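Numbering (our numbering), first residue to last: -9 to 315.
Printed below as a string of structure tokens:
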């Protein structure tokens, strides 16, 4: 029986894929499978993965005939997975040797639905540890209790799917699939759903995932229209949270986080193509109009002056344009 399925999407990462695959080999054992999803790469990545299918123990190679994006590629891997536990890795990141053995042992010892872990952020030669914003370690808790408070970073603000491990029962309950077609921020609705609907989780102090920042092909580095999918992602967070039994308590957190992300993008608007920048402003204003207005007002009142002022300017311009029309 397969103990762990590791889902690894690849798209145009021929420079980094060999490091990723070497780190998987350093974690291989008889009861692990590595599902390598080629999201219709157009560089040398497919040839690298074809060799890995032959040479990497436990490798399962799947190729998309059409590029679908990270969310869709992860879903393909989830549909192929047979393991008791599941986790993710991106095709340009890597692992410490023996990391998965430690992680499996920890989640089995705790007996919870999922665990979250810190990670090592790598920018060129610099290394820094990014920690899960949750103080209690090695302690099983209700993940719903880790969503609040609204004005501080919590576990739902640490969305990285590869920074953890998940019991198969979550897949069977429909909690692990991503929203098809989301090209960025795909992990935001996903992590919120996990925290609202899973029964138990814990945070571990392992540092075995190395996350490569500044990759030129990453969507975080590209200022095109795909970046604007964060609007659709957070609309989903708001919509689903509004239906939750604790909506009154949780919506202020969801709205404040949404506003903070909008403000972040508006504050870096110069990196977007001009037509995308215009679309960002109009879509941001429309998004704020869709939010519960009393909750939005409280969120803006609670933010620092610079971020709140940036959001209010966009909101006012939108209202002025509607009046003029």
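Ideal Cβ positions, reconstructed from N, Cα and C, are used throughout, including at glycine.
The structure presented is a predicted model; accordingly, all values stated were derived computationally and were not measured.
For residue i, is the beta carbon positioned less than 8 Å from some heavy atom of the ligand FMN?
{"i": "residue 222", "result": "Judged by which ligands are present, the structure shown has none, so any question about the ligand FMN falls away."}
What residues match up with residue i in a beta bridge as DSSP calls it?
{"i": "residue 265", "result": "Paired residues: none, contrary to the question."}
{"i": "residue 112", "result": "117 and 202"}
{"i": "residue 88", "result": "Answer by DSSP bridge pairing: none, since residue 88 is not bridged."}
{"i": "residue 75", "result": "-6 and 157"}
{"i": "residue 104", "result": "156 and 191"}
{"i": "residue 23", "result": "-5"}
{"i": "residue 28", "result": "0 and 53"}
Determine the DSSP secondary structure at residue i, reduced to helix, strand or coil.
{"i": "residue 168", "result": "coil"}
{"i": "residue 185", "result": "helix"}
{"i": "residue 122", "result": "coil"}
{"i": "residue 9", "result": "helix"}
{"i": "residue 49", "result": "strand"}
{"i": "residue 257", "result": "helix"}
{"i": "residue 131", "result": "strand"}
{"i": "residue 3", "result": "coil"}
{"i": "residue 209", "result": "Low per-residue confidence applies at residue 209: pLDDT is 49, beneath 50, and the placement is therefore not dependable enough to give any value."}
{"i": "residue 83", "result": "coil"}
{"i": "residue 294", "result": "coil"}
{"i": "residue 300", "result": "helix"}
{"i": "residue 138", "result": "coil"}
{"i": "residue 318", "result": "Absent from the model: residue 318. The displayed extent of the chain is -9 to 315, so no value can be given."}
{"i": "residue 59", "result": "coil"}
{"i": "residue 149", "result": "coil"}
{"i": "residue 163", "result": "coil"}
{"i": "residue 35", "result": "helix"}
With 16 as the cutoff for other CB atoms within 10 Å, does residue i come out buried or exposed?
{"i": "residue 274", "result": "buried"}
{"i": "residue -5", "result": "buried"}
{"i": "residue -9", "result": "exposed"}
{"i": "residue 119", "result": "exposed"}
{"i": "residue 246", "result": "buried"}
{"i": "residue 292", "result": "exposed"}
{"i": "residue 145", "result": "buried"}
{"i": "residue 113", "result": "exposed"}
{"i": "residue 129", "result": "exposed"}
{"i": "residue 72", "result": "exposed"}
{"i": "residue 154", "result": "buried"}
{"i": "residue 295", "result": "exposed"}
{"i": "residue 67", "result": "buried"}
{"i": "residue 283", "result": "exposed"}
With the cut-off set at 9 Å, would you say residue i and residue j are in Cβ contact?
{"i": "residue -2", "j": "residue 10", "result": "yes"}
{"i": "residue 7", "j": "residue 23", "result": "no"}
{"i": "residue 254", "j": "residue 86", "result": "no"}
{"i": "residue 31", "j": "residue 3", "result": "yes"}
{"i": "residue 61", "j": "residue 170", "result": "yes"}
{"i": "residue 77", "j": "residue 150", "result": "no"}
{"i": "residue 177", "j": "residue 191", "result": "no"}
{"i": "residue 122", "j": "residue 141", "result": "no"}
At a Cβ threshold of 9 Å, is residue i touching chain C?
{"i": "residue 96", "result": "No chain C appears in this structure, which consists of one protein chain only."}
Q. Unbroken beta strand (DSSP E) runs of length 3 or more, entirely within the stretch 266 to 290: which are they?
A. Segments of the beta strand (DSSP E) lying fully in the stretch 266 to 290: there are none.
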